[in-house]
Each structure stands twice: as structure tokens, then as C-alpha cells.
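*Asks:* Let me give you the structure first, and then I'll get to my questions.
Protein chains in written order, with my numbering: chain A, 1 to 96; chain B, 97 to 354.
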């Protein structure tokens, strides 16, 4: 499943994921944003893994924020934008 | 750490014969480290490309961004750079690419948005001298009335910041769209439907040869900030070639975000 969100005033945020037993799996964040250190990408992917497929945006954004240490730099990307992309990936079939 | 000014540094220019896309990726990595470690003076490097390439950003999905079959058909190598940002379609002679390796003190206290504009203010001035009214469009674009001219990216490493930019000089838009997958979502707030129309290259805007545009840019940098003609050290090149082989040409790196 695939979701994309162009963050207003930011960059393109893309999520690819699967759902197994009602939970998010194989979550992969990608896009043309800026994120440092680059290891934070895996931290974010892991933070989203295992969430119930009906988790709302606020819960998804909160877990991304909590997983990241204070020295992580985001430019054109935010926990909220990531959460929107996740919800879009999950809603793709409903939208079609 | 005190904020420094351009003129506090002894800027060096590197502009060599064409090099492979992989070596360019590795040189950015090595030279950023060298400036951060204080072994190299702050440097402006102008790139010359030995072969065509698609350069994807650090966090872009290879599969989502590039039609690998089309890239193979056109003989275009796909490489991944160390910085974030978007994919660039490169053919030798069609782009002007440069890197600035600077101490972080140069942008101390600036927001990201300010730092991007700060590093390219000299380019806007050079473009103005060529008759192009260009400005910075946050987050990381140089644009003009005719359309986008360039995209920038930054990465910070141990006391140094790398700021690199690719400017469109000329463009084979049909080939670019064949190789890059440019999604509709990406264009949703740009106000245009056609991806090809988003870029307005320097060739049509200046009517000048690429070399003349580069000459003007270098002269402007030299006048504003000071610039000595420098060169790559042999040990830097050896290190970059090794990194090119072990990291930047490896499927693990190129496909790191599948």
C-alpha cells in the first residue's frame, strides 16, 4: 500500500507499507525531504511498525515524535506530515 | 563557535576534468569531512560530468522515483547522494552543478531557510549580471519568471556543511520524463500540470555557452567572497575512489531506500 502527501510549505512525504493481522508492517518512509542524521529514517520506520491499522493521525504523529531524539533535524518534513501519508496509504482502497 | 563571514575564509576553487557520477558522490562525502576536520580550506567545487546520470536524494525510493528499465535503455547510471532533496536528471553539458564545503560557523544562528538562501546569494547576483531575474524559492529552489532554474540540498557533518546545487543549463525534457517518475502529488502545490514546464533552463534564458555561464559565476564568487585556484589532493582522490567502489556504487547504497 502506498500513500503520498505534499506537505504544505514542505516536501513530498511517501509511505509504503503492508498490513498484517490488523497492524502496520514493512513501513518505509521516503521522499525528497531533508532529515539528519540519516539513521533517523529507520527510527521513524520502526516507530510506525506495529500500530493498529485504525490508529489515528495524532497517535501516529506522537509515536514518531517520541521516537526521535532532540538532535534530529527535519526540513520539509514533520511527524504530522508522516502521519497523513500513513493514513493515505491505508485509505487508498477506500478512496479508489 | 563564533559566526564567521565569507571573507574570514580562504576559499579554494576545484574545477577538474569530467568525473564519473559515482566519484562525484564520493568526493562530496570526502571533501565535507576534510573541511570539517580542518584539513582543507573551505572550497567551491564545480562539477564536470563524464557520463549521464540520475542522482536521487538520500531518502528517495529508487523504485518510486526511477524507471530503471528506461534508464538502462538510455545508458543512464543511477546514483544516490548523501543529501536529501529530489531526483536530478543529468546529461554532460546540460547542467551546472557545484558544491560548497563550508565550516558550520558560516551559517551559525541561521534557520535552514535562511542558510539555503545565504549559500546561493552569490549565484542570484551572477544570474542578475547575466540578465536573469532570479530569486530563492523556499525551501530549496532557485527560480525565475520563466520557471525553476536550480535545486539545492544541504547536509551537515562534523563541523562542516555541504551545500550543493544543480542548475538546468539545457534539458531533454522528454528523456527526463521517460526516466524519472514525477508524481501528480508532487506537483499539487506548484500550480502547473506539466512537469516539463516547471524547469526553464539557463541556455534559453542567457543565449550563452555553458562555459561562459560558469565563468561568470566563478568571477562573481571571486569578487564577492575571494577565491583562489586550488586542486584536489592526491590523498583526497584516492579516498574518494575507494569510497566510490565500496559504498557509492554498491546496490546496498543505491537501493538503500528501495
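Note that beta-carbon positions come from the ideal geometry of N, C-alpha and C, so glycine has one too.
Taking 8 Å as the threshold (beta carbon to beta carbon), is residue 345(B) in contact with chain A?
*Replies:* Here residue 345(B) refers to the residue found at position 249 when the second chain is read from its first residue. Chain A contact via Cβ: absent.
*Asks:* Between residue 237(B) and residue 244(B), is the Cβ-Cβ spacing less than 8 Å?
*Replies:* Numbered from its first residue, the second chain carries residue 237(B) at position 141. Numbered from its first residue, the second chain carries residue 244(B) at position 148. Yes; because the gap between Cβ atoms is below 8 Å, this pair is in contact.
*Asks:* Should residue 129(B) be labelled buried (16 or more other beta-carbon atoms within 10 Å of its own) or exposed?
*Replies:* By 1-based counting over the second chain, the position of residue 129(B) is 33. Buried, because 16 or more other Cβ atoms sit within 10 Å of the Cβ of residue 129(B).
*Asks:* Within 8 Å of any Cβ in chain B, is that where the Cβ of residue 14(A) sits?
*Replies:* As a first step, residue 14(A) is located in the first chain; it is residue number 14 there, counting from the start. So, interface residue.
*Asks:* So which residues of chain B does residue 36(A) contact, with C-beta pairs closer than 7 Å?
*Replies:* Here residue 36(A) is taken as the residue at index 36 of the first chain, counted from 1. Simply 251, 252.
*Asks:* Taking only the alpha-carbon atoms, compute the straight-line gap between residue 254(B) and residue 51(A) and give it to the nearest angstrom.
*Replies:* One-based indexing of the second chain puts residue 254(B) at position 158. One-based indexing of the first chain puts residue 51(A) at position 51. Residue 254(B) and residue 51(A): Cα-Cα distance of roughly 35 Å.
*Asks:* Rounded to the nearest angstrom, how far is the Cβ of residue 340(B) from that of residue 34(A), given a contact under 8 Å?
*Replies:* Position 244 of the second chain holds residue 340(B). Position 34 of the first chain holds residue 34(A). Actually they do not touch by this definition, with Cβ atoms about 24 Å apart.
*Asks:* When the cut-off is 8 Å and only beta carbons count, does residue 69(A) lie next to chain B?
*Replies:* For the purposes of this step, residue 69(A) is taken as residue 69 along the first chain, with counting starting at 1. Not closer than 8 Å to any Cβ of chain B, the Cβ of residue 69(A) fails to qualify, so no.
*Asks:* Does any CB atom of chain B fall closer than 8 Å to the CB of residue 30(A)?
*Replies:* In the first chain, the residue the question calls residue 30(A) occupies position 30. Interface residue, yes.
*Asks:* Nearest-angstrom Cα distance between residue 43(A) and residue 69(A)?
*Replies:* In the first chain, the residue the question calls residue 43(A) occupies position 43. In the first chain, the residue the question calls residue 69(A) occupies position 69. Those two C-alpha atoms are separated by around 10 Å.
*Asks:* Can you tell me the Cα-Cα spacing of residue 26(A) and residue 302(B), whole angstroms?
*Replies:* If you number the first chain from 1, residue 26(A) lands on position 26. If you number the second chain from 1, residue 302(B) lands on position 206. Taking the straight line joining both Cα atoms gives about 48 Å.
*Asks:* Relative to chain B, which residues along the segment 70-87 of chain A have a C-beta separation below 8 Å, given in chain order?
*Replies:* Within the segment 70-87 of chain A, the residues whose Cβ lies closer than 8 Å to some Cβ of chain B are 73, 75, 76, listed in chain order.
*Asks:* Pick from 132(B), 177(B), 104(B): whose alpha carbon is nearest that of residue 352(B)?
*Replies:* Your numbering for residue 352(B) matches position 256 in the second chain. Minimum Cα distance to residue 352(B) is reached at 177(B).
*Asks:* With 8 Å as the threshold, decide whether the Cβ of residue 24(A) is near any Cβ in chain B.
*Replies:* Taking the first residue of the first chain as 1, we reach residue 24(A) at position 24. With 8 Å as the cut-off, residue 24(A) does not count as an interface residue toward chain B.
*Asks:* Under a Cβ-count criterion, where at least 16 other Cβ atoms within 10 Å of its own Cβ denotes burial, should residue 315(B) be classed as buried or exposed?
*Replies:* Within the second chain, the letter at position 219 stands for residue 315(B). That one is exposed.
*Asks:* Tell me, please, whether the CB atom of residue 156(B) is closer than 8 Å to any CB atom in chain A?
*Replies:* To locate residue 156(B), count along the second chain from 1; it is residue 60. True, the Cβ-Cβ gap to chain A drops below 8 Å.
*Asks:* Using a Cβ-Cβ distance cut-off of 8 Å, determine whether residue 41(A) contacts chain B.
*Replies:* Numbered from its first residue, the first chain carries residue 41(A) at position 41. Chain B contact via Cβ: present.
*Asks:* At which residues does the beta strand (DSSP E) containing residue 120(B) begin and terminate?
*Replies:* Residue numbering aside, residue 120(B) sits at position 24 when the second chain is read from its first letter. Careful: residue 120(B) lies outside any beta strand (DSSP E), inside the alpha helix (DSSP H) at 117-132.
*Asks:* Closest Cβ-Cβ distance between residue 243(B) and chain A: below 8 Å?
*Replies:* Reading the second chain from its first residue, position 147 is the one you call residue 243(B). Output row for residue 243(B): interface = no.
*Asks:* Residue 35(A) bridges to which residues according to DSSP?
*Replies:* What you label residue 35(A) is simply residue 35 of the first chain in a count that begins at 1. Residue 35(A) pairs with 74(A).
*Asks:* Less than 8 Å separating the beta-carbons of residue 267(B) and residue 295(B)?
*Replies:* Here the question's residue 267(B) lines up with position 171 in the second chain. Here the question's residue 295(B) lines up with position 199 in the second chain. Their beta carbons are under 8 Å apart, which means residue 267(B) touches residue 295(B) by this criterion.
*Asks:* Mapping the DSSP letters down to three states, classify residue 297(B) as helix, strand or coil.
*Replies:* Along the second chain, one-based indexing puts residue 297(B) at 201. DSSP places residue 297(B) in coil when its eight states are reduced to three.
*Asks:* Using only CA atoms, which one of 299(B), 117(B), 127(B) lies nearest to residue 150(B)?
*Replies:* Translated into the one-based positions of the second chain, residue 150(B) becomes position 54. Of the listed residues, the one whose Cα sits closest to residue 150(B) is 117(B).
*Asks:* Within this structure, are the beta carbons of residue 80(B) and residue 298(B) separated by less than 8 Å?
*Replies:* Here chain B covers residues 97 to 354 and nothing more, so residue 80(B) does not appear.
*Asks:* For residue 31(A) versus residue 156(B), is the C-beta distance shorter than 8 Å?
*Replies:* Locating residue 31(A) in the first chain gives position 31, counting from the first residue. Locating residue 156(B) in the second chain gives position 60, counting from the first residue. Yes, Cβ-Cβ distance for residue 31(A) and residue 156(B) is below 8 Å.
*Asks:* Give me the subset of the segment 209-237 of chain B whose CB atoms are less than 7 Å from a CB atom of chain A, sorted by chain position.
*Replies:* Those residues of the segment 209-237 of chain B that come within reach of chain A (Cβ to Cβ, closer than 7 Å) are 235.
*Asks:* Compute the beta-carbon to beta-carbon distance between residue 86(A) and residue 60(A), rounded to the nearest angstrom, for a pair I have assumed lies under 8 Å.
*Replies:* Numbered from 1 along the first chain, position 86 holds the residue referred to as residue 86(A). Numbered from 1 along the first chain, position 60 holds the residue referred to as residue 60(A). So it is a contact: roughly 5 Å between Cβ atoms.
*Asks:* Looking at the structure shown, is residue 155(B) part of a helix, part of a strand, or coil, going by DSSP?
*Replies:* Within the second chain, numbered from 1, the residue matching residue 155(B) stands at position 59. Residue state, collapsed to three classes: coil.
*Asks:* What does residue 353(B) touch in chain A if you count any residue whose Cβ is under 8 Å from its own?
*Replies:* Sequence index remark: in the second chain, residue 353(B) carries index 257 (1-based). Neighbours of residue 353(B) on chain A, chain order: 28, 30, 41.
*Asks:* Is residue 153(B) close to chain A? Criterion is C-beta to C-beta, closer than 8 Å.
*Replies:* Along the second chain, read from residue 1 onward, the residue named residue 153(B) stands at position 57. Interface residue, yes.
*Asks:* Consult DSSP for residue 107(B) and reduce its assignment to one of helix, strand or coil.
*Replies:* Residue mapping note: residue 107(B) aligns to position 11 of the second chain, counting from 1. The answer is coil: DSSP assigns residue 107(B) none of H, G, I, E or B.
*Asks:* With three or more beta-carbon pairs closer than 8 Å as the criterion, would you say the segment 157-172 of chain B touches the segment 199-218 of chain B?
*Replies:* At 8 Å Cβ cutoff, the stretches do not touch.
*Asks:* Considering Cα atoms alone, identify which of 99(B), 139(B), 123(B) is closest to residue 334(B).
*Replies:* In the second chain, residue 334(B) corresponds to position 238, counting from 1. Of the candidates 99(B), 139(B), 123(B), the one whose C-alpha sits nearest the C-alpha of residue 334(B) is 123(B).
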